[in-house]
Amino acid sequence: MATVLVLVTAADAALDRVSLQGLTLGVSLAAGGPVHALLIGDAPLASELGGWGATHVHVADHPALATFAPDAIARIVDDLATSLGAGVVVGPGTETGNTVMARAAARAGLPFAANCVAAAAGDPLVVTRQRWGGSLLEQAAIHGDRAMLTVAPHVLAAVPTGGSATVETFTPTLDESDLAVRVVGRIPAPVAGVSLAEAKVVVTGGRGAGSAQGFAPVVELADLLGAAVGCSRAVTISGWRPHTDQVGQTGTKIAPELYILAGVSGATQHMAGCKGAKAILAINKDADAPVMALADYAVIGDMHEILPAISAEIRRRRGS
Amino acid sequence: MKVLVCIKRVPAVAGRITLTEDARAIDSKYLGFAIGPHEECAVEAAVRLVEEAGGESVVLSLGPAESLEQLRDAMAIGVSRAIHLVTDGEEWDPESTASAIVDAIRADEAESGPFDLLLFGNESGDTGGYQGAIRIGRALGRPVVTGLKGLGVADGRLRGEQAVVGGRDLYDVPLPAVASVLEGLNMPRYPSVPGRLRAKSKPVATSSPARPAQRLEMLRLVVPEGANKQVTILGNGAAAASATVDLLDRIGVL
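Residue numbers (my numbering), protein chains in the order written: chain A, 88 to 407; chain B, 27 to 280.
As structure tokens, then:
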């Protein structure tokens, strides 16, 4: 039974959800043994972690941690894992978590498995991890004194345990070299419309839009629904819409209540970005397009006729 | 300005993935191959940096003999030469890939002088290991900045921008440095016909490193169960508008 350490990040005075999912995986790997959580800053949140399965919470407090410095956090993870004799370290499979955990593994000279959806304790520890943004899974054995892994976002549910944890704040040892890579400034985003990642409804156009101008009915419907506009990679590559609109494995990952795809074939690359959508409505000329296998609802036909008709019907019912 | 960009040959997967009989690879009989999406942007960035500042860009790939196609693609848009670490087609785990690339970088630098910048995609399009750039930077003692959507070099420093909730975080590190980038960094150009012809005569240095024991050992691949959804057809063409708006109403998004 290995000692388990879980890296927990926080932002805007809230615990990161993916970190809590990692904690749940950590609890299962500990099989009743101690589960240590490392929280970077935000000490007031430490007491909540017992309720998610941590038995011991270590809060790293250091003035240099006020801005993000991935090598510094990696060093703290590595040093704490060494002092606890941890056999498994779990982190969140976010951009932040993956970069920190990969750095901690490189520092310790250990293998690292990113974006795991399952892990079975043993020697070696065997994980199931995502490839292709989750369109393919890999079973892999981690050979090393300590298994370093991250949990893929929003696949496993975080399970509350109702437990409590001892909380200890410590000052980690850091030197200049750990802070060479750090955030030195922030450009605030211009206040845009609805954020793609957080939108309740997303209306996406694909190759079927035909041109940049062909997006007019997509934008019209999105405006009526207070939705965000998305697009596929084919659209970005054609230069019809900016990459910031792109949904997919290499674009934005979305989780709306309703996802409307117009003229999108449903390529693997695209569908890897909308696994969190609660309902999917596909509008496509081709009743056999791959998107149909993933959709809950479909309208067959030309998006350039159907989208304006839907917008007109919404206006009619609203009496405007 | 001397820039190295590392790329990986990945299958152009479109629809449902099918596996080879031994479940250790994607069945690519009917698939094309390409440079991974993030790495295409890294290649474009390398070419632009050298166009602006002068110098040399070099492309490196560890992969089977066929990876030469992707190395030629990079040279067709302006990269000067290639380094090909040829494998027998078996996968290499992230640690052993990084270690072979570190050896190749050291050998090339000993002969042709140091690189100012090593560029990578943030994660490979297929295996998604999220660690190559980090391991290589660590081994060479150079700062590593990951996940960049903006990148510039000036006064011997790399400035990087990372998209975060609420804006862009800025990084500023001294060269030589290592950076990994995300799709959206730029719009990669298409190779021209003369570019493709020129690429054929550009030098490619090949070597065949030995594959060490794999510490992240792939056991098998599994295609996840589909959602097995039953699609409800609301109708055909504009006539389906009423049924569609009924649905929007039911879901509560109207």
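Where a beta carbon is used, it is the ideal one built from N, C-alpha and C, also for glycine.
Evaluate contact between the region 149-166 of chain A and the region 174-191 of chain A, counting only Cβ atoms and requiring at least three cross-stretch pairs below 8 Å. yes
Assuming L223 (chain A) and V204 (chain A) form a contact by the criterion Cβ under 8 Å, report the distance between their Cβ atoms to the nearest whole angstrom. On the first sequence, residue 223 (chain A) is found 136 positions in, with the first residue counted as 1. On the first sequence, residue 204 (chain A) is found 117 positions in, with the first residue counted as 1. Their Cβ separation, rounded to whole angstroms, is 12 Å, which puts L223 (chain A) and V204 (chain A) out of contact at 8 Å.
Give me, in chain order, the residues of the same chain whose beta-carbon lies closer than 8 Å to that of P214 (chain B); leave out the 5 immediate sequence neighbours on both sides. For this step, residue 214 (chain B) is matched to residue 188 along the second sequence. Excluding sequence neighbours, P214 (chain B) sits near E66, C67, V69, E70, I103.
Hey, quick one: how far does the alpha helix (DSSP H) through M358 (chain A) stretch, first residue to last? Locating residue 358 (chain A) in the first sequence gives position 271, counting from the first residue. Here the alpha helix (DSSP H) through M358 (chain A) covers 355-358.
Given a limit of 7 Å on CB to CB distance, which residues of the region 139-154 of chain B reach chain A? D152, T153, G154
Beta-carbon proximity list for R328 (chain A), same chain, < 6 Å, skipping 5 on both sides: Looking up residue 328 (chain A) in the first sequence gives position 241. Excluding sequence neighbours, R328 (chain A) sits near C318, V322.
Chain-ordered residues of the region 262-283 of chain A with a beta carbon less than 7 Å from chain B: A267, V268, V270, V271, G272, R273, I274, P275, A276
In chain A, which residues lie with their C-beta within 8 Å of the C-beta of A267 (chain B)? Here residue 267 (chain B) is taken as the residue at index 241 of the second sequence, counted from 1. Under the 8 Å cutoff, chain A gives I393, A396, I397, A399, E400.
Relative to the alpha-carbon of G167 (chain B), which residue among B:E95, B:L143, B:A180, B:D272 has its alpha-carbon at the smallest distance? For the purposes of this step, residue 167 (chain B) is taken as the residue at position 141 of the second sequence. Minimum Cα distance to G167 (chain B) is reached at B:L143.
Can you check whether the C-beta of W327 (chain A) is within less than 9 Å of a C-beta belonging to chain E? Among the protein chains of the structure shown, namely A and B, there is no chain E.
Can at least three beta-carbon pairs, one atom from the region 353-364 of chain A and one from the region 298-306 of chain A, be found at a separation below 8 Å? Touching, no.
With 9 Å set as the bound, which would you pick, yes or no: does the beta-carbon of F457 (chain A) sit closer than that to a beta-carbon of chain B? Nothing about residue 457 (chain A) can be reported from this structure: the residues present for chain A run from 88 to 407 only.
Spatial neighbours of G178 (chain B) within its chain, please: CB distance less than 6 Å, with the 5 preceding and 5 following residues excluded, ordered by chain position. For the purposes of this step, residue 178 (chain B) is taken as residue 152 along the second sequence, with counting starting at 1. If we look at G178 (chain B) and ignore the five residues flanking it on each side, its Cβ neighbours are R185.
Contiguous alpha helix (DSSP H) assignments of at least 4 residues, all confined to the region 54-115 of chain B: At a cut-off of 4 residues, the continuous stretches assigned as alpha helix (DSSP H) that sit fully inside the region 54-115 of chain B are 63-79, 94-102.
Tell me P275 (chain A)'s beta-bridge partners as DSSP assigns them. To locate residue 275 (chain A), count along the first sequence from 1; it is residue 188. For P275 (chain A), which the question treats as bridged, DSSP gives the partners B:G193.
Could you spell out the range, first to last residue, of the beta strand (DSSP E) harbouring G134 (chain A)? The count along the first sequence starts at 1 and reaches residue 134 (chain A) at position 47. It is worth fixing the name first, because residue 134 (chain A) is Ser in this sequence and not Gly. Taken as a continuous stretch (DSSP letters only), S134 (chain A) belongs to no beta strand (DSSP E), as it is neither H nor E.
Please list, in chain order, the chain B residues whose beta carbon lies closer than 7 Å to that of Q226 (chain A). Position 139 of the first sequence, counted from the start, is the residue given in the question as residue 226 (chain A). Close partners of Q226 (chain A) in chain B (Cβ separation under 7 Å): L245, R246, V248.
Euclidean distance between Cα positions of L311 (chain A) and S398 (chain A): For the purposes of this step, residue 311 (chain A) is taken as the residue at position 224 of the first sequence. For the purposes of this step, residue 398 (chain A) is taken as the residue at position 311 of the first sequence. Near 7 Å, if we compare the C-alpha coordinates of S398 (chain A) and L311 (chain A).
Got a sec, what are the start and stop residues for the alpha helix (DSSP H) M188 (chain A) sits in? Counting from 1 along the first sequence, the entry for residue 188 (chain A) is found at position 101. Segment 182-195, the alpha helix (DSSP H) holding M188 (chain A).
Can a CB atom of chain B be found closer than 9 Å to the CB of G350 (chain A)? Within the first sequence, the letter at position 263 stands for residue 350 (chain A). No, no contact with chain B.
Using 8 Å for Cβ pairs, my map puts L308 (chain A) next to L112 (chain A). What's the rounded Cβ distance? By 1-based counting over the first sequence, the position of residue 308 (chain A) is 221. By 1-based counting over the first sequence, the position of residue 112 (chain A) is 25. Contact flag wrong, Cβ pair sits at about 40 Å.
Starting from S233 (chain B), trace the alpha helix (DSSP H) both ways and give me its first and last residue. Along the second sequence, one-based indexing puts residue 233 (chain B) at 207. First-last for S233 (chain B): 230-233, but that is the beta strand (DSSP E), not the alpha helix (DSSP H).
In chain B, which residues lie less than 9 Å from G388 (chain A) when you measure between Cβ atoms? Working through the first sequence from its first residue, we reach residue 388 (chain A) at position 301. Within chain B, the residues near G388 (chain A) are G261, N262, G263, A264, A265, A266.
Using alpha carbons as the reference points, say which of A:A156, A:P198, A:Y384 lies closest to L261 (chain A). Within the first sequence, the letter at position 174 stands for residue 261 (chain A). Nearest of A:A156, A:P198, A:Y384 to L261 (chain A), Cα basis: A:A156.
With a Cβ-Cβ cutoff of 9 Å, do L152 (chain A) and G178 (chain A) count as a contact? Looking up residue 152 (chain A) in the first sequence gives position 65. Looking up residue 178 (chain A) in the first sequence gives position 91. Going by C-beta atoms, L152 (chain A) is not nearer than 9 Å to G178 (chain A).
Go ahead and pull the three-state DSSP assignment for E121 (chain B). Counting from 1 along the second sequence, the entry for residue 121 (chain B) is found at position 95. The answer is helix: DSSP assigns E121 (chain B) an H, G or I state.
With a CB to CB cut of under 8 Å and the five nearest residues on each side skipped, what residues in its chain are close to G138 (chain A)? Here residue 138 (chain A) refers to the residue found at position 51 when the first sequence is read from its first residue. Closer than 8 Å at Cβ, skipping near neighbours: P247, T248, G249, G250, S251.
Chain B within 9 Å of L217 (chain A), Cβ atoms only: Start at 1 with the first residue of the first sequence, and residue 217 (chain A) comes out as number 130. The question names Leu, but residue 217 (chain A) is Gln in the sequence shown. Taking Cβ atoms only, chain B reaches closer than 9 Å to Q217 (chain A), which makes this a yes.
Measure from the C-beta of P63 (chain B) to each C-beta in chain A and report whether the shortest distance is under 9 Å. Along the second sequence, one-based indexing puts residue 63 (chain B) at 37. Output row for P63 (chain B): interface = yes.
Helix or strand or just coil, what does DSSP make of Q333 (chain A)? By 1-based counting over the first sequence, the position of residue 333 (chain A) is 246. Here Q333 (chain A) sits in strand by DSSP.
Identify the contact partners of V69 (chain B) in chain A, using a Cβ-Cβ distance below 9 Å as the criterion. Reading the second sequence from its first residue, position 43 is the one you call residue 69 (chain B). Per Cβ cutoff of 9 Å: no residues; V69 (chain B) is ~15 Å from chain A at best.
Determine, using beta-carbon pairs with one atom in the region 387-404 of chain A and one in the region 121-135 of chain B, whether at least three such pairs fall under 8 Å. no
Mind checking whether E243 (chain B) and A228 (chain A) have CB atoms under 9 Å apart? The residue labelled residue 243 (chain B) in the question sits at position 217 within the second sequence. The residue labelled residue 228 (chain A) in the question sits at position 141 within the first sequence. Closer than 9 Å, so yes.
Members of the region 372-385 of chain A near chain B, C-beta cut-off 7 Å: P377, M379, A380, L381, A382, D383, Y384, A385
Answer yes if the region 338-349 of chain A comes into contact with the region 283-294 of chain A, meaning at least three C-beta pairs across the two stretches below 8 Å, and no otherwise. yes
Should S87 (chain B) be labelled buried (16 or more other beta-carbon atoms within 10 Å of its own) or exposed? Residue numbering aside, residue 87 (chain B) sits at position 61 when the second sequence is read from its first letter. The residue is buried, with at least 16 neighbouring Cβ atoms inside 10 Å.
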